[in-house]
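Asks: If you want the working numbering, it's the 1-based position in the sequence shown plus 12. Note that the Cβ used here is the ideal one computed from N, Cα and C, for glycine as well.
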Amino acid sequence: MAKLILGLLILGAGLAIGFNVVLEKTNTLDFCISCHSMASTVYPEYKQSTHYQNRTGVRAECSDCHVPKPFIPKIISKIKASADIYHTIMGSVDTPEKFEAKRLQMAQRVWKTMQETDSRECRSCHTKSAMDPALQKRRAQTQHRDAEQNNETCIDCHKGITHKAVHKNQVAEDDEAGFML
């Protein structure tokens with residue numbers, strides 16, 4: 013009986029370690045761009061962004077913005093992301109043209125999640141306590157103050173910061189809301 017329990021503990025530990033290794037592997041930039049549709053669409057855009065290259069040398073990768081840090085939200089995110097794999101396999105986003113046709117819809121899904129989580133992934137790097145309004149341009153100071161007073165979150169204003177500004181294709185009511193790059 014003791015050998016069985018020991019064997020189950022070793023098996024459980026091995027499965028847990030293996031699960032975490034696979035989970036972390038799917039958080040790498042190489043994994044994200046291994047999909048043809050990502051390599052030919054969003055990756056080149058990302059490489060032109062300040063999240064990829066900037067004066068401070070700090071790089072945010074795909075998982076920093078698109079994968080939650082807390083375990084349960086991370087697992088939920090991974091399950092939802094499996095739909096991307098499905099759509100790639102089924103051929104609905106396997107070419108740049110098909111990807112572009114669905115891009116706004118996919119972006120809106122990401123924006124909705126970011127709004128629901130108060131831009132949690134943005135805030136894992138961009139903390140309010142680390143922001144010094146005195147170092148911001150006057151316009152940014154005003155907009156950050158107004159956003160806080162209006163309970164807005166990062167993504168409400170910063171759509172298109174890393175990827176193509178697809179939000180410009182949204183309906184007029186969103187444009188009237190003053191979304192900017």
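In three-state terms, what does DSSP make of residue 71?
Replies: Here residue 71 sits in coil by DSSP.
Asks: Please report how far the alpha carbon of residue 133 lies from the alpha carbon of residue 85, in whole angstroms.
Replies: Roughly 11 Å separates the two Cα atoms.
Asks: Roughly how many angstroms lie between the CA atoms of residue 117 and residue 175, to the nearest whole one?
Replies: Computed Cα separation, rounded: 14 Å.
Asks: Report buried or exposed for residue 98, applying the criterion of at least 16 other Cβ atoms within 10 angstroms of its Cβ.
Replies: So residue 98 ends up on the exposed side.
Asks: Compare the beta carbon distance of residue 178 and residue 115 with 8 Å and say whether it is the shorter of the two.
Replies: Yes. Within cutoff.
Asks: Where in the stretch 136 to 187 do unbroken runs of the alpha helix (DSSP H), each at least 4 residues long, occur, reported from the N-terminal end onward?
Replies: Runs found: 150 to 161, 166 to 169.
Asks: With DSSP as the reference, label residue 58 as helix, strand or coil.
Replies: Looking at residue 58 - three-state DSSP - the assignment turns out to be helix.
Asks: Where do the ends of the alpha helix (DSSP H) carrying residue 19 lie?
Replies: Looking at the DSSP string, the run of the alpha helix (DSSP H) that includes residue 19 is 14 to 37.
Asks: Just the Cα atoms here: how many angstroms apart are residue 154 and residue 102?
Replies: Those two C-alpha atoms are separated by around 46 Å.
Asks: Out of 147, 136, 140, 127, state which residue places its alpha-carbon closest to the alpha-carbon of residue 165.
Replies: Closest by alpha carbon: 127.
Asks: Given this structure, state the Cα-to-Cα distance separating residue 185 from residue 150, to the nearest angstrom.
Replies: Residue confidence for residue 185 is low, a pLDDT of 41 falling below 50, so the modelled location carries little weight and cannot support an answer.
Asks: Quick check on residue 119: buried or exposed, where buried means 16 or more other Cβ atoms within 10 Å of its Cβ?
Replies: Buried, since its Cβ has 16 or more Cβ neighbours within 10 Å.
Asks: Here's the rule I'm using: 16 or more other beta-carbon atoms within 10 Å means buried, otherwise exposed. How should residue 171 be labelled?
Replies: Buried is the call here.
Asks: Would residue 94 and residue 79 qualify as a contact pair, given that the criterion is a beta-carbon distance under 8 Å?
Replies: No, Cβ-Cβ distance for residue 94 and residue 79 is not below 8 Å.
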